[in-house]
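*Asks:*
Residue numbers (this note's numbering): 1 to 186.
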């Protein structure tokens, strides 16, 4: 009878341990999902500002129509992006293109003086800051979650219940990290 109680106690302790680790992993995964939704909200806000930006600059930047077309194309692609990687890629491309628009706008004093454009610039800058903070929070949360999946003994429970690592939100290309070069001699 004593052996049976000892075995039963060990089984109960193991079950409590597994449940505790499992719940911790679920909480961490939910934090990752929440952090991603915060990025998604800010990215959507930025993409919603794009039609107004294109309208504001269209009359001034007739020579840069390819840049405006690229922005419009990226906005259209946003609706079809589903994964973190796809959205991160579109975000990287859009960030680079928006840098180009802002750099090119320096060559158009009338555009810079336009109140609507100035407001859009302020809104975009505010949104970019929010995206940056949301990205940092997301990456910190994903790093904590992925670390839980790899450390012993959590990794055993994670593999038992098929928890998968999440992707970080990174700047993918060297191109996106470079400063924008603007050529006004076109």
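Cβ coordinates follow ideal geometry from the N, Cα and C atoms, glycine included.
Below 7 Å between beta carbons: does that hold for residue 120 and residue 81?
*Replies:* No.
*Asks:* Does DSSP put residue 125 in a helix, in a strand, or in coil?
*Replies:* Of the three classes helix, strand and coil, the one that applies to residue 125 here is helix, per DSSP.
*Asks:* With H, G and I counted as helix, E and B as strand and the rest as coil, what does DSSP make of residue 152?
*Replies:* Coil at residue 152, not helix or strand.
*Asks:* Looking at the secondary structure, which residues open and close the alpha helix (DSSP H) in which residue 47 lies?
*Replies:* Residues 2–58.
*Asks:* According to DSSP, simplified to helix, strand and coil, what is residue 221?
*Replies:* Given a span of 1 to 186 for the chain in the structure shown, any question on residue 221 remains unanswerable.
*Asks:* Out of curiosity, what's the CA-to-CA distance linking residue 135 and residue 170?
*Replies:* If you take the alpha carbons of residue 135 and residue 170, they lie about 9 Å apart.
*Asks:* With a threshold of 7 Å on Cβ separation, who are the neighbours of residue 90 within its own chain once the five nearest residues in sequence on each side are excluded?
*Replies:* 74, 77, 78 and 81, listed in sequence order.
*Asks:* Whole angstroms is fine: what's the gap from residue 102's alpha carbon to residue 87's?
*Replies:* C-alpha separation (whole angstroms): 22 Å.
*Asks:* Less than 8 Å between the CB atoms is what I'm expecting for residue 165 and residue 146, so what's the real figure, rounded?
*Replies:* So it is a contact: roughly 5 Å between Cβ atoms.
*Asks:* State the DSSP-derived secondary structure class of residue 103, mapped to helix, strand or coil.
*Replies:* Note: residue 103 maps to helix in three-state DSSP.
*Asks:* Compute the distance between the beta-carbons of residue 168 and residue 139, then report whether it is under 7 Å.
*Replies:* Against a cut-off of 7 Å, the Cβ pair of residue 139 and residue 168 comes out as a contact.
*Asks:* Less than 7 Å between the beta carbons of residue 127 and residue 29, yes or no?
*Replies:* Result no, Cβ atoms of residue 127 and residue 29 do not sit closer than 7 Å.
*Asks:* Using the three-state DSSP reduction, which class does residue 68 fall into: helix, strand or coil?
*Replies:* It is helical.
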